[in-house]
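Take a look at the structure below.
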Amino acid sequence: WANEAERRGLPNVKTTPLALDAMVTEKARKLFEQNKIYNHLELEARHEIELEKYIKKVQIESRLMAELATSHILPAAIRYQNLLVTNITGLKAAGLSEENYANQKQILEVISNHINNVSNQVEEMIQARKRCNNMANSRDKAIAYCSEVKDKYFDKIRYHADKLELLIDDNEWYLPKYRELLFLR
Numbered sequence: 488w489a490n491e492a493e494r495r496g497l498p499n500v501k502t503t504p505l506a507l508d509a510m511v512t513e514k515a516r517k518l519f520e521q522n523k524i525y526n527h528l529e530l531e532a533r534h535e536i537e538l539e540k541y542i543k544k545v546q547i548e549s550r551l552m553a554e555l556a557t558s559h560i561l562p563a564a565i566r567y568q569n570l571l572v573t574n575i576t577g578l579k580a581a582g583l584s585e586e587n588y589a590n591q592k593q594i595l596e597v598i599s600n601h602i603n604n605v606s607n608q609v610e611e612m613i614q615a616r617k618r619c620n621n622m623a624n625s626r627d628k629a630i631a632y633c634s635e636v637k638d639k640y641f642d643k644i645r646y647h648a649d650k651l652e653l654l655i656d657d658n659e660w661y662l663p664k665y666r667e668l669l670f671l672r
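With our numbering applied, the sequence shown corresponds to residues 488 to 672, in that order.
Structure (structure tokens):
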């Protein structure tokens, strides 16, 4: 689509806050005023409202993501992590050589890495959201929420949470897993 838009001379704006700027261009203002849809002030107000709606949506999504991570994903992963630690400790105490529990140890390291990443990314996202909330200009705030919260953290947190979902035992994972959403158990 990007190549086709360029070929046709169409704008290819990649983010919502920047795309909303099309509402307040001189060309758009003339169009709305000539057709008696919006006057200049009404158009500016509509632009402001759309920016605020975008900010609220990203705020809600980021808060929900943080809530799910800290209330469901991390506790489940830590419970399973503790089960693995208990298992490895028991195998060591039984006198088994390390090669007999090397796989469990490797899984434990991978899970611990994903737990740390989710925890750190969620905390950094919360701090970024606080910085965005201190901005007075709605356009700047929307752009910051897009680049400093959504683009910077959503996919990273999602990646590590998805990896944990694949590794954690079903008995410890209380949220529906993707495969359970697609197929009934």
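Cβ coordinates follow ideal geometry from the N, Cα and C atoms, glycine included.
Three-state class that DSSP yields for residue i in the structure shown
{"i": "residue 670", "result": "coil"}
{"i": "residue 523", "result": "coil"}
{"i": "residue 502", "result": "coil"}
{"i": "residue 554", "result": "helix"}
{"i": "residue 537", "result": "helix"}
{"i": "residue 655", "result": "coil"}
{"i": "residue 604", "result": "helix"}
{"i": "residue 664", "result": "coil"}
{"i": "residue 581", "result": "coil"}
{"i": "residue 588", "result": "coil"}
{"i": "residue 576", "result": "helix"}
{"i": "residue 570", "result": "helix"}
{"i": "residue 620", "result": "helix"}
{"i": "residue 595", "result": "helix"}
{"i": "residue 507", "result": "helix"}
{"i": "residue 530", "result": "helix"}
{"i": "residue 518", "result": "helix"}
Nearest-angstrom beta carbon gap, residue j and residue i [assumed within contact, 8 Å]
{"i": "residue 534", "j": "residue 510", "result": "5 Å"}
Rounded C-alpha distance that separates residue i from residue j
{"i": "residue 616", "j": "residue 586", "result": "45 Å"}
{"i": "residue 504", "j": "residue 612", "result": "19 Å"}
{"i": "residue 575", "j": "residue 594", "result": "11 Å"}
{"i": "residue 673", "j": "residue 582", "result": "As displayed, the chain neither begins before 488 nor continues past 672, which places residue 673 out of reach and without an answer."}
{"i": "residue 443", "j": "residue 506", "result": "No answer is possible for residue 443: it lies beyond the span of the chain, which begins at 488 and ends at 672."}
{"i": "residue 609", "j": "residue 520", "result": "45 Å"}
{"i": "residue 626", "j": "residue 514", "result": "19 Å"}
{"i": "residue 573", "j": "residue 551", "result": "32 Å"}
{"i": "residue 592", "j": "residue 647", "result": "19 Å"}
{"i": "residue 577", "j": "residue 670", "result": "36 Å"}
{"i": "residue 580", "j": "residue 589", "result": "15 Å"}
Any chain D beta carbon closer than 8 Å to residue i
{"i": "residue 666", "result": "Structure shown: chain D not included; a single protein chain is present."}
Proximal residues to residue i (C-beta, below 6 Å), its chain only, five neighbours per side dropped
{"i": "residue 489", "result": "499"}
{"i": "residue 640", "result": "608 and 612"}
C-beta contact flag for residue i and residue j at 8 Å
{"i": "residue 651", "j": "residue 564", "result": "yes"}
{"i": "residue 598", "j": "residue 567", "result": "yes"}
{"i": "residue 571", "j": "residue 602", "result": "no"}
{"i": "residue 542", "j": "residue 629", "result": "yes"}
{"i": "residue 605", "j": "residue 556", "result": "yes"}
{"i": "residue 516", "j": "residue 530", "result": "yes"}
{"i": "residue 559", "j": "residue 662", "result": "yes"}
Proximal residues to residue i (C-beta, below 8 Å), its chain only, five neighbours per side dropped
{"i": "residue 492", "result": "498 and 499"}
{"i": "residue 664", "result": "652 and 657"}
{"i": "residue 525", "result": "519 and 533"}
{"i": "residue 544", "result": "none"}
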